[in-house]
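*Asks:* Residues in the sequence shown are numbered from 5 upward in steps of one, following this note's numbering.
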Amino acid sequence: MYAVAARNARDIAEGVNFARENNLRLVVKGGGHSYQGTSNAPDSLLIWTRHMHNITMHDAFVPQGCEQSMQPAPAVTFGAGTIGMQAYDAVTTKGGKYVQGGGCLTVCLAGLIQSGGFGSFSKHYGTAAGSLLEAEVVTADGQIRIANSCTNPDLLWALKGGGGGTFGVLSKLTVRLHDIPEFFVTVSFKIKAASDDAYRRLIREFVGFYRNNLLNDHWGEQAHVNPDNTLAIKMLSWGLNQKQATKIWRPFLDWVANAPSDYAQQERIVIGNIPARRYWDVQFWKEHWPEVVFPRNGNLWHALLDDILVEVMPEPALDFDDRPGAPPNNAVWKGDAGQVGWFLWGYESLWLPASLLEDDAQQSLADALFASSRYSRVELHFNKGLAGAPPDAIAAAKDTATNPAVLTAFALAIVGAAQGSAYPGIPGHEPSVEEGRQAAQRVGQCVDQLHAVAPNGGAYVSESNYFEKGFQQAYWGSNYPRLTEIKRKYDPDGLFVVHNGVGSEQWSADGFAKL
Ligand SMILES: Cc1cc2nc3c(=O)[nH]c(=O)nc-3n(C[C@H](O)[C@H](O)[C@H](O)COP(=O)(O)OP(=O)(O)OC[C@H]3O[C@@H](n4cnc5c(N)ncnc54)[C@H](O)[C@@H]3O)c2cc1C
5 MYAVAARNAR
15 DIAEGVNFAR
25 ENNLRLVVKG
35 GGHSYQGTSN
45 APDSLLIWTR
55 HMHNITMHDA
65 FVPQGCEQSM
75 QPAPAVTFGA
85 GTIGMQAYDA
95 VTTKGGKYVQ
105 GGGCLTVCLA
115 GLIQSGGFGS
125 FSKHYGTAAG
135 SLLEAEVVTA
145 DGQIRIANSC
155 TNPDLLWALK
165 GGGGGTFGVL
175 SKLTVRLHDI
185 PEFFVTVSFK
195 IKAASDDAYR
205 RLIREFVGFY
215 RNNLLNDHWG
225 EQAHVNPDNT
235 LAIKMLSWGL
245 NQKQATKIWR
255 PFLDWVANAP
265 SDYAQQERIV
275 IGNIPARRYW
285 DVQFWKEHWP
295 EVVFPRNGNL
305 WHALLDDILV
315 EVMPEPALDF
325 DDRPGAPPNN
335 AVWKGDAGQV
345 GWFLWGYESL
355 WLPASLLEDD
365 AQQSLADALF
375 ASSRYSRVEL
385 HFNKGLAGAP
395 PDAIAAAKDT
405 ATNPAVLTAF
415 ALAIVGAAQG
425 SAYPGIPGHE
435 PSVEEGRQAA
445 QRVGQCVDQL
455 HAVAPNGGAY
465 VSESNYFEKG
475 FQQAYWGSNY
485 PRLTEIKRKY
495 DPDGLFVVHN
505 GVGSEQWSAD
515 GFAKL
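1) Between the Cα of A365 and those of L163, A198, G106, G212, spot the shortest distance and give me the residue it belongs to.
2) Out of T60, Q248, R272, H128, point me to the one whose CA is closest to E225's CA.
3) Do you know whose CA, among P78, A133, N27, lies nearest A114's CA?
4) Taking Cβ positions, are G121 and T131 nearer each other than 8 angstroms?
5) According to the neighbour-count rule (16 or more other Cβ atoms, all chains shown, within 10 Å of its Cβ), is K176 buried or exposed?
6) Measuring only from the beta carbon, is S38 closer than 7 angstroms to any heavy atom that is part of ligand 1?
7) For Y427 and A444, what's the separation of their Cα atoms in angstroms?
8) Measure the C-alpha to C-alpha separation of H62 and R149 and round it to an integer number of angstroms.
9) Compute every distance between the C-beta of D514 and the non-hydrogen atoms of ligand 1, then say whether any falls below 7 angstroms.
10) At a threshold of 7 angstroms, does F414 count as lining ligand 1 (C-beta to nearest heavy atom)?
11) Excluding five sequence neighbours on each side, which residues of the same chain lie with their C-beta closer than 6 angstroms to the C-beta of Y470?
12) Using 7 angstroms as the cut-off, classify the Cβ of S466 as near or not near the heavy atoms of ligand 1, replying yes or no.
13) Would you kindly work out how many angstroms separate the C-alpha atoms of V501 and V437, rounded to a whole number?
14) In whole angstroms, what separates the C-alpha of F347 from that of A64?
15) Can you give me the Cβ contacts of R24 inside the same chain, cut-off strictly under 6 angstroms, excluding the 5 residues immediately before and after it?
16) DSSP has W242 in a bridge; who is on the other side?
17) Taking all protein chains shown into account, do 16 or more other C-beta atoms lie within 10 angstroms of the C-beta of L308, making it buried, or fewer, making it exposed?
18) Is it the case that the CB of L174 approaches a heavy atom of ligand 1 more closely than 7 angstroms?
19) Return the CA-CA distance between P67 and V506, expressed in angstroms with no decimal places.
20) Determine the direct distance from the alpha carbon of Y351 to that of A422, and round the result to whole angstroms.
21) According to DSSP, simplified to helix, strand and coil, what is S353?
22) Report, in whole angstroms, the separation of the C-beta atoms of F171 and K491, which I expect to be a contact under 8 angstroms.
23) When you compare the stretch 383-396 with the stretch 468-483, are there three or more beta-carbon pairs, one atom per stretch, that lie closer than 8 angstroms?
24) Quick one: measure Cβ to Cβ for G429 and W355, integer angstroms, because I've assumed they're closer than 8 angstroms.
25) Using 8 angstroms for Cβ pairs, my map puts G83 next to T110. What's the rounded Cβ distance?
26) I need the boundaries of the alpha helix (DSSP H) containing N3, first residue and last residue.
27) Confirm the yes/no value for this check: CB of S135, any heavy atom of ligand 1, distance under 7 angstroms.
28) Taking the beta strand (DSSP E) that F65 belongs to, which residues open and close that run?
29) Taking the DSSP output, what are the residues bridged to R204?
30) Would you call T60 buried or exposed, if buried means 16 or more other Cβ atoms sit within 10 Å of its Cβ?
31) What is the DSSP secondary structure of Y464, counted as helix, strand or coil?
32) How about L163 and L174: do their beta carbons lie closer than 8 angstroms?
33) Which word fits Q104, buried or exposed, when buried means at least 16 other C-beta atoms lie within 10 angstroms of its C-beta?
34) Strictly by DSSP, which residues pair up with C112?
35) Relative to the C-alpha of G85, which candidate in T53, D93, E18, S265 has its C-alpha closest?
36) Within the same chain, show all residues whose beta-carbon is closer than 7 angstroms to that of G36, passing over the 5 residues directly before and after it, in chain order.
Here it is in structure tokens:
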């Protein structure tokens, strides 16, 4: 009904106090990217942080009160409404450093970090929550508190993956900075199998190839196992160059090329260097599309290293905002732009443990992927599972509230179905309910096949089923009891309630009535 467009922690505290004193339903919104709509509620008072996007870089940051116990570290402080692109522009393009934000450029860091949060290179840098050093947060009593590992450490831990809109309203966050490599490398191609049997063998080969060559901190992003018997690779590497990446992929591409009657290439193979410092530089993407290598034609996989064409990418990977007067850095990856106005029909995620990559388990995993692909596309997001990550990234993620399943998973499997740009009441764009029901059923059947091999996987709080059964265990696993204690301590009366959030089981679905 009403919104507080907050500019600072005092504005937020006023809003929190007003809501508490008047017994109002309260919601908090940053970038508005909650798939589950947890930054919205009918008949509520909204605290909106999007205007709070000041950014300050620190060469040597020590959290308040930690002067005796922590070494200074490079860090950056963001206003809670800072979106990914604003952060990357300040930290990487201008500052030559790296901050763990999301893959999507318009996700707010506050929502992302409270989700745990992954970017394309999380297999190297760890989860976004793992890098949080300090937060300024307004709790339900209206107090503006500092949370770091010396002051309110329990609150800091809960904010690291315990879910947004639950423990208070963040006004500022300070996160650790990391170094960038010289290049990120993009690898993409798509292979179609001629028969179900050939497709089974392709998936099996890829599983073994992944285990032997890609299960390390260099490789993130996705492989898609599609119902039309195609395998699509859309991966990004950290810390390798084009030549090294090409060498790594060659045995797999050779294996495919050696069976021309079974496999056909559907799109060009692209392996391209992107200078890491320019990865989020909109001006760079407008002027210099990165150089990528292509084999000269579809039959020349054998010659990948010797006989290649070097060209610029066929089109930029970003969509630019061409509205008059739009800020120069307004841009989104094409894949994210496609989600605007989505009507989600079904959505599931599941962490796949690295034990499925053991020699004697690979066949079962491959069979499960094939079986699930009969119902819907399975996306394997390798950057959203930390098996293969460096020990420090795993240790940092272990000290967060995210389900510990993330630590030993090689990937997060995501299965979803949606109708693009659907709006009730707008002719030609009406949501298609019948199609949606059928698609939702297929999504469920698809993920059931994966549950059969990963029964205790758990799901990623921000990318999961709205109707997640046993969400407490799925999102937080063994961390849930500790989260409920912290919730009781900082928000005993449940001012902050979100769908399937910590403590929400005590409230009616609309968040108005205590059960
Ligand atoms: C197109 C798209 C791409 C995505 N890509 C990725 C990705 O690459 N990696 C990934 O890990 N996730 C991804 N996500 C999921 C996303 O990270 C989460 O949904 C995240 O919580 C969004 O944060 P937000 O502030 O933008 O959204 P909002 O909807 O504004 O907020 C999300 C939740 O956080 C709460 N919240 C927001 N700000 C505050 C605050 N200041 N204090 C307290 N609570 C707050 C809200 O109440 C809400 O519950 C994507 C989502 C979309 C829609």
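Cβ coordinates follow ideal geometry from the N, Cα and C atoms, glycine included.
Predicted, not measured: the structure shown is a model, and the values here were computed from it.
*Replies:* On the basis of the supplied data:
1) Translated into positions along the sequence shown, residue 365 becomes position 361. Ranking the options by Cα distance to A365, first place goes to G212.
2) Taking the first residue of the sequence shown as position 1, residue 225 is located at position 221. Ranking the options by Cα distance to E225, first place goes to H128.
3) Taking the sequence shown and counting its residues from 1, the one referred to as residue 114 is at position 110. The option with the nearest alpha carbon to A114 is A133.
4) The residue you call residue 121 lines up with position 117 of the sequence shown. The residue you call residue 131 lines up with position 127 of the sequence shown. Taking 8 angstroms as the Cβ cut-off, G121 and T131 qualify as a contacting pair.
5) If you number the sequence shown from 1, residue 176 lands on position 172. That one is buried.
6) As a position in the sequence shown, residue 38 is number 34, starting the count at 1. Yes, the beta carbon of S38 sits closer than 7 angstroms to at least one heavy atom of ligand 1.
7) As a first step, residue 427 is located in the sequence shown; it is residue number 423 there, counting from the start. As a first step, residue 444 is located in the sequence shown; it is residue number 440 there, counting from the start. About 18 angstroms.
8) As a working note, residue 62 is residue 58 in the sequence shown. As a working note, residue 149 is residue 145 in the sequence shown. About 21 angstroms.
9) For the purposes of this step, residue 514 is taken as residue 510 along the sequence shown, with counting starting at 1. Not under cutoff, so the answer is no.
10) For the purposes of this step, residue 414 is taken as the residue at position 410 of the sequence shown. No, Cβ of F414 sits at least 7 angstroms from all heavy atoms of ligand 1.
11) Here residue 470 refers to the residue found at position 466 when the sequence shown is read from its first residue. Only Q40 meet the Cβ criterion.
12) Locating residue 466 in the sequence shown gives position 462, counting from the first residue. Yes, the Cβ of S466 comes within 7 angstroms of a heavy atom of ligand 1.
13) The count along the sequence shown starts at 1 and reaches residue 501 at position 497. The count along the sequence shown starts at 1 and reaches residue 437 at position 433. Their Cα atoms are separated by approximately 28 angstroms.
14) Residue mapping note: residue 347 aligns to position 343 of the sequence shown, counting from 1. Residue mapping note: residue 64 aligns to position 60 of the sequence shown, counting from 1. Going from the Cα of F347 to the Cα of A64 covers about 45 angstroms.
15) As a working mapping, residue 24 is identified with position 20 in the sequence shown. The answer, listed in chain order, is L499.
16) Position 238 of the sequence shown, counted from the first residue, corresponds to residue 242. Beta-bridge pairing links W242 to F188.
17) The residue given as residue 308 occupies position 304 in the sequence shown. Unreliable positioning characterises L308 in this predicted model, as indicated by a pLDDT of 44, which lies under 50. A coordinate reading is not provided.
18) Residue mapping note: residue 174 aligns to position 170 of the sequence shown, counting from 1. Correct: L174 has its Cβ closer than 7 angstroms to ligand 1.
19) What you label residue 67 is simply residue 63 of the sequence shown in a count that begins at 1. What you label residue 506 is simply residue 502 of the sequence shown in a count that begins at 1. Their Cα atoms are separated by approximately 27 angstroms.
20) Along the sequence shown, read from residue 1 onward, the residue named residue 422 stands at position 418. Along the sequence shown, read from residue 1 onward, the residue named residue 351 stands at position 347. The alpha-carbon atoms of A422 and Y351 are separated by roughly 9 angstroms.
21) The count along the sequence shown starts at 1 and reaches residue 353 at position 349. In the structure shown, S353 sits in a strand (DSSP, three-state: E or B).
22) If you number the sequence shown from 1, residue 171 lands on position 167. If you number the sequence shown from 1, residue 491 lands on position 487. F171 to K491, Cβ: 7 angstroms. Contact.
23) no
24) Sequence index remark: in the sequence shown, residue 429 carries index 425 (1-based). Sequence index remark: in the sequence shown, residue 355 carries index 351 (1-based). Contact flag wrong, Cβ pair sits at about 38 angstroms.
25) Along the sequence shown, one-based indexing puts residue 83 at 79. Along the sequence shown, one-based indexing puts residue 110 at 106. That pair is no contact at about 15 angstroms.
26) No answer is possible for residue 3: the residues shown for the chain start at 5 and end at 519.
27) Numbered from its first residue, the sequence shown carries residue 135 at position 131. No, Cβ of S135 sits at least 7 angstroms from all heavy atoms of ligand 1.
28) Mapped onto the sequence shown, residue 65 falls at position 61. F65 -> beta strand (DSSP E) spans 59-65.
29) The sequence position of residue 204 within the sequence shown is 200, counting from 1. Looking at the DSSP assignment, R204 forms no beta bridge with any residue, so it has no partner.
30) Mapped onto the sequence shown, residue 60 falls at position 56. Result: exposed.
31) For the purposes of this step, residue 464 is identified with residue 460 of the sequence shown, where counting begins at 1. DSSP places Y464 in strand when its eight states are reduced to three.
32) Here residue 163 corresponds to residue number 159 of the sequence shown, with the count starting at 1. Here residue 174 corresponds to residue number 170 of the sequence shown, with the count starting at 1. Yes, the pair counts as a contact, with Cβ atoms nearer than the cut-off.
33) Start at 1 with the first residue of the sequence shown, and residue 104 comes out as number 100. It is buried - the Cβ of Q104 has at least 16 other Cβ atoms within 10 Å.
34) Position 108 of the sequence shown, counting from 1, holds the residue named residue 112. According to DSSP, which records beta bridges pairwise, C112 is partnered with I87.
35) Taking the first residue of the sequence shown as position 1, residue 85 is located at position 81. Ranking the options by Cα distance to G85, first place goes to T53.
36) Taking the sequence shown and counting its residues from 1, one reaches residue 36 at position 32. Cβ within range, chain order: S43.
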